[in-house]
Structure formats: structure tokens, C-alpha cells
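The structure appears right after this line, and notes come after that.
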Amino acid sequence: NLVISEGEIFRSLYTKGIKPDGVQTLSKDMVKMICWEYDVEVIDAVPFKVEEMAKKKEILDEDDLDKLEDRPPVLTIMGHVDHGKTTLLDHIRKSKVAASEAGGITQGIGAYKVQVPFDGKTQTCVFLDTPGHEAFGAMRARGARVTDIAVIVVAADDGIRPQTEEAIAHAKVAGVPIVIAINKIDKGGANPDRVMQELSSIGLMPEDWGGETPMVKTSALKGDNIDDLLETVMLVAELQELKANPQRKAKGTVIEAGLEKSKGPVATFIVQNGTLRRGDIIVCGEAFGKVRALFDDGGKRVDEAGPSIPVLVTGLNTVPSAGDEFEVVESLDLAREKAELQAESLRNERLSAKAGDGKVTLSSLASAVSVGKQTGLDLHQLNVVLRVDLQGSIEAVRQALQVLPQDNVTLKFLLQATGDVSTSDVDLAVASKAVIFGFNVKVPGSVKSYAENKHVEIRLYKVIYELIDDVRNAMEGLLELVE
Ligand code: GDP
Numbered sequence: 006n007l008v009i010s011e012g013e014i015f016r017s018l019y020t021k022g023i024k025p026d027g028v029q030t031l032s033k034d035m036v037k038m039i040c041w042e043y044d045v046e047v048i049d050a051v052p053f054k055v056e057e058m059a060k061k062k063e064i065l066d067e068d069d070l071d072k073l074e075d076r077p078p079v080l081t082i083m084g085h086v087d088h089g090k091t092t093l094l095d096h097i098r099k100s101k102v103a104a105s106e107a108g109g110i111t112q113g114i115g116a117y118k119v120q121v122p123f124d125g126k127t128q129t130c131v132f133l134d135t136p137g138h139e140a141f142g143a144m145r146a147r148g149a150r151v152t153d154i155a156v157i158v159v160a161a162d163d164g165i166r167p168q169t170e171e172a173i174a175h176a177k178v179a180g181v182p183i184v185i186a187i188n189k190i191d192k193g194g195a196n197p198d199r200v201m202q203e204l205s206s207i208g209l210m211p212e213d214w215g216g217e218t219p220m221v222k223t224s225a226l227k228g229d230n231i232d233d234l235l236e237t238v239m240l241v242a243e244l245q246e247l248k249a250n251p252q253r254k255a256k257g258t259v260i261e262a263g264l265e266k267s268k269g270p271v272a273t274f275i276v277q278n279g280t281l282r283r284g285d286i287i288v289c290g291e292a293f294g295k296v297r298a299l300f301d302d303g304g305k306r307v308d309e310a311g312p313s314i315p316v317l318v319t320g321l322n323t324v325p326s327a328g329d330e331f332e333v334v335e336s337l338d339l340a341r342e343k344a345e346l347q348a349e350s351l352r353n354e355r356l357s358a359k360a361g362d363g364k365v366t367l368s369s370l371a372s373a374v375s376v377g378k379q380t381g382l383d384l385h386q387l388n389v390v391l392r393v394d395l396q397g398s399i400e401a402v403r404q405a406l407q408v409l410p411q412d413n414v415t416l417k418f419l420l421q422a423t424g425d426v427s428t429s430d431v432d433l434a435v436a437s438k439a440v441i442f443g444f445n446v447k448v449p450g451s452v453k454s455y456a457e458n459k460h461v462e463i464r465l466y467k468v469i470y471e472l473i474d475d476v477r478n479a480m481e482g483l484l485e486l487v488e
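Each residue of the sequence shown is one higher than the last, beginning at 6 in the working numbering.
Spelled out as C-alpha cells, the structure:
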């Protein structure tokens, strides 16, 4: 596997005393060094933008490196509507959450812990409670990276459907490993082999067939093979060597937030590093405050929460947004100051989004060109999300575009799907710096303004040749810009 994870790149940089912040480019030599370190073949190192990594800000610091401990994996369930995501989540929650907690009727906090027997011990994993790729994409678009593994549910009687492909695209772009649950195997008409065939045709080869993607045949309704699924997930987690340093001030991400009558502003945090304690002073996007109380996923008051553990927090002055990062700081003054800075930078962002005319520019396209990680850091790549009217058009457009010379800039289709452009497409484009091409489709007004806010290009065409010409021009222009 040629891909080096963001975490590994960070680690490698930290051990060399380099702390990537702001928009930064790694030099050729640095890229080579990291490649050697991870035994990745260097074909032709090119400067590599760490902008995306910098945006999500470092989770691990240099000081953490000698105090790292294993942490539980955080999982998200995605897949097409009606394929069984909610049923699967419910089943896991009911059967696996510790009996003492399952007793009382508690309102969910947006994530829950599950105990899984694995490797001779009982181990914890954490499920995010909002299934679907929309939430996942929205968090990613804000630079948040909470999920360690994506469980993608595909109904065995239905096979791959548009949202299956969207979910896979989101997971791939985020570099999150995928475990497939081939669900509804109890149903008449279930054909797991056909699903495996379909998945392998889009690049997910089942482990059983010698590939790299674990697939488990489940019935979420009857509870069949759910233990297998969880075990598989833990196995994948083990390979990822997920670690954090519990002995430091906490930081992490908001996964849900709201206003409760009795509690005021509440937010569910996933702690990603360190340990969060009652009384800690936190800043969290535009919100700040002192942690008044912490509640676990069973609604029970707790004094602290360590890495990967979800907790509901009260004591913030206002409601933050899902995807906001939080951190513990020294004083309320500092917290207030940081929150105000954040509020100001958001205001400026909105203003500059308004000022821009949303027109296509080459340089904005150039920023959509990233170095092809998958291919061993050797090529420039233009990431594309393609939306078309009819299934048949996908092949037509693809074939036409493949004709373009791709010696120096390659086209990479992150998603090709039918239907109008959606906000989730825009999130995907943000997370991967992609351009959206629409062929005979529409962009709803709300999606258009969302894209403008996020500085994402949406280019619409009605004639195939115009699309081709435009892409050719863009690619030629890009070549000049990137060389
Ligand atoms: P979601 O939209 O992906 O969250 O799908 P749901 O969990 O709501 O499931 C949609 C429908 O499929 C519901 O009627 C479920 O009872 C049913 N369903 C889910 N999993 C299974 C399964 O393993 N077997 C069968 N026969 N039905 C299932």
C-alpha cells in the first residue's frame, strides 16, 4: 500500500522538529525522506501541499510522542437510504452497550461506546450516531477528521446505489479505511456475490477474493454476524495503530450541539487527544466557557473523558457548530480572546465569499490540483466530481475526457453519479479540492450559494464538446501553473 496517512506524515515531521502550520509546502527532499522512512517507492518527488493537514490543525504534538497510548477507534456508518444503517446502529447499541447503561431510557448524545471482545480482552469502540455521508462530508469540509473507520452498508438485495458510491467517495477522499457490511442477507433475493462483484468493479476488492477490503455478510434485522462485523472493525483498527496522549490538556471536535432547556448550550465532544475534566476552560469555535458538567453516552455524570470518548459538555456561553474544534486553555480571558478571533475570521470569510463573483478562474482550478497520493506522490491530479442526468451519460462523458492527454495532469473522478449537484458534493469537493462538473443537471439555489461560500467551482454544461474543451484548456493552463 503506497499511501502514507496524514498522521504518519505529521509524526515524521514532528520527530524532525518540524511543526507544519498555516499553508505550507513540503520540499522535494522532505517528501523523499518521508517516503524512505515508510518504505514507499519514490518515483518522482514533487513538493507536496500540506494545506489540508494544516487546516485540520495538528492533533498530536511533539511532546505527545513518548506518552502515546492506544485509543478506541471511532466509526461512522454510511450507505444508501434503506440499506439498514439505522437498524444496524440500533442493533449494536441495544446488544452491546453495557447492561447497566442500557437500562434507563436515555437520550442519545450523538455517539456511543460499544464493548467488543477482541484479542482476548474487552475493547471499546465508538460509533457516531448520525448515519450517512452528509454529516461525514460536512464535518470533513470543515477540516474535522473524527472518523477512523467507515462501515459502509450495502443491501444484498439491492446492490450498489448512488448513495453507496457517494459514501465510498467520501471515505476514500478522507483516507478513511472502509469495512463493508453486506446487509439483509436474510432476505429472499439477497445476492451477496453480486454485491461483491459490483464493489470490486469500482475498486473495492473483497479480502475473500484476494483484495484489501474486508466485507462481512450481515443481517442487521436479525443480528446475524454483527459480532463478526465488529471483530473485523477492531482488526482494521488494530492495523491503524490509533494512539493519543491521555496525560495532557484535551482537544478534539464537536460532533453535535444544541440548546437544552435545563442545561443551556450543550455540545457533544469527541476527545481526540488528552483528557477533558470538569472545571476545564474550553474554547470551541466561537463558543467558550468552563466545563460545568460532563455526561457520558448513558446520560451519567462523569468527571473526565479520555481519547476517543464522546461526552456531552455543559457550561459553554453559546452553541458551537458540529465540526468545530475544541481545546482546553489556561484562562477564561484567553478562551474569550480565541473565541472572538474565531468569530472575526468567520465574519471575514463570509464577507470575502460575498465579494468574490464566483467566476471560474484558472488559479482556483490550480488549487484544485493536488499531488496524487494514491500513485505514490508522482503526478499532478485534477480532482473531479461529475454529476450527469442519466446513467448512460457517465460513460459518454468519461470516455470523451479520457481522450485528453494526461501525461502531466491526470483527471481523477472522485464521484460520478446521476442527479443534481448537492451540498454533500460541495463538501466532498472542499475536502479534496475538487471541481464539480455538471452535465445536463441543475444546481439548486441553496447549493449554489453554499458552493460560493466554500469557494467551490461548479461548471455546468449542456454539450459534451464544451465540457471537453473547457477541461482541455484548464489542464493545459494548469500545466503551466503547476510547473
Ligand atoms: P437506513 O435508511 O439505511 O437507515 O435503513 P433502515 O435501517 O431504516 O432500514 C430500512 C428498512 O430495511 C427497514 O424496514 C428495516 O427493518 C429493513 N432492514 C434493515 N436491515 C435489514 C436486514 O438485515 N434484513 C431485513 N430483512 N430487513 C432489514
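Cβ coordinates follow ideal geometry from the N, Cα and C atoms, glycine included.
Between residue i and residue j, what straight-line distance do the alpha-carbon atoms span, to the nearest angstrom?
i: N458; j: Q396; result: 30 Å
i: S350; j: V158; result: 38 Å
i: I154; j: L391; result: 25 Å
i: G284; j: V446; result: 52 Å
i: G84; j: D394; result: 21 Å
i: V181; j: I97; result: 21 Å
i: M38; j: Y466; result: 43 Å
i: T258; j: I314; result: 11 Å
i: I187; j: I231; result: 11 Å
i: V221; j: E335; result: 47 Å
i: L80; j: Y470; result: 43 Å
i: G164; j: N196; result: 8 Å
i: M201; j: I14; result: 33 Å
i: K453; j: I399; result: 22 Å
i: A490; j: V151; result: Residue 490 cannot be examined here, being either before or after the span of the chain that is shown, 6 to 488.
i: W41; j: S17; result: 11 Å
i: V296; j: I82; result: 30 Å
i: L73; j: A348; result: 33 Å
i: L234; j: A310; result: 26 Å
Got a sec? Which residues, its chain only, sit under 7 Å from residue i by beta carbon, not counting five neighbours each side?
i: V389; result: L416, K417, F418, L419, A439, V440 and F442
i: V435; result: A146, K459 and V461
i: Y455; result: T428 and V431
i: L264; result: P270 and V324
i: R76; result: L247, K248, A249, P312 and S313
i: E342; result: none
i: S372; result: At S372 the pLDDT is 46, less than 50, meaning the model places this residue with poor confidence and gives no usable figure here.
i: A174; result: L419, L420 and L433
Would you give the residue range spanned by the beta strand (DSSP E) that residue i belongs to?
i: I278; result: The sequence shown places Asn at residue 278, rather than the Ile named in the question. Unbroken beta strand (DSSP E) run through N278: G269 to N278.
i: A155; result: I154 to A160
i: L416; result: V414 to T423
i: P315; result: P315 to L321
i: L395; result: Run containing L395: none; DSSP gives neither H nor E here.
i: E330; result: E330 to V334
i: I463; result: I463 to Y466
Comparing the CB of residue i with every heavy atom of the ligand GDP, is any distance shorter than 7 Å?
i: V158; result: yes
i: N478; result: no
i: K192; result: yes
i: V181; result: no
i: L136; result: In the sequence on display, residue 136 carries Pro and not Leu. P136: yes, Cβ under 7 Å from the ligand GDP.
i: L234; result: no
i: G89; result: yes
i: G84; result: yes
i: L133; result: no
i: N322; result: no
i: P224; result: Note that residue 224 is Ser in the sequence shown, not Pro. At least one heavy atom of the ligand GDP is nearer than 7 Å to the Cβ of S224, so yes.
What residue does the alpha helix (DSSP H) around residue i start on, and which one ends it?
i: R297; result: Looking at the DSSP string, R297 is not in any alpha helix (DSSP H); the run it does join, the beta strand (DSSP E), is A292 to F300.
i: L244; result: I231 to Q245
i: G142; result: H138 to A146
i: P197; result: P197 to S206
i: V452; result: G450 to N458
What residues are listed by DSSP as bridge partners for residue i?
i: Y117; result: F132
i: A186; result: V158 and V221
i: E471; result: Paired residue(s): none; E471 is not in a bridge.
i: V389; result: F418 and V440
i: K248; result: D75
i: K254; result: T280
i: K490; result: Missing from the structure shown is residue 490; the chain here goes from 6 to 488 and no further.
i: C40; result: Paired residue(s): none; C40 is not in a bridge.
If you drop the 5 nearest sequence neighbours on each side, which residues of the same chain put their C-beta closer than 6 Å to that of residue i?
i: A340; result: I286, V288, F293 and V334
i: T237; result: V184, P219 and V221
i: Q379; result: Confidence at Q379 is low in this model, with a pLDDT of 36, below 50, so the placement of that residue should be treated as unreliable; the coordinate-derived value is given next. Here the set comprises nothing.
i: E139; result: S429
i: G113; result: D134
i: K192; result: D162
i: Q421; result: L391 and I399
Excluding sequence positions up to five away, which residues of its chain have a Cβ less than 8 Å from the Cβ of residue i?
i: G567; result: Nothing can be reported for residue 567, as the shown portion of the chain is limited to 6 through 488.
With a cut-off of 8 Å, does the C-beta of residue i fall near any C-beta of chain D?
i: N478; result: Considering every chain present, this structure includes no chain D. It has just one protein chain.
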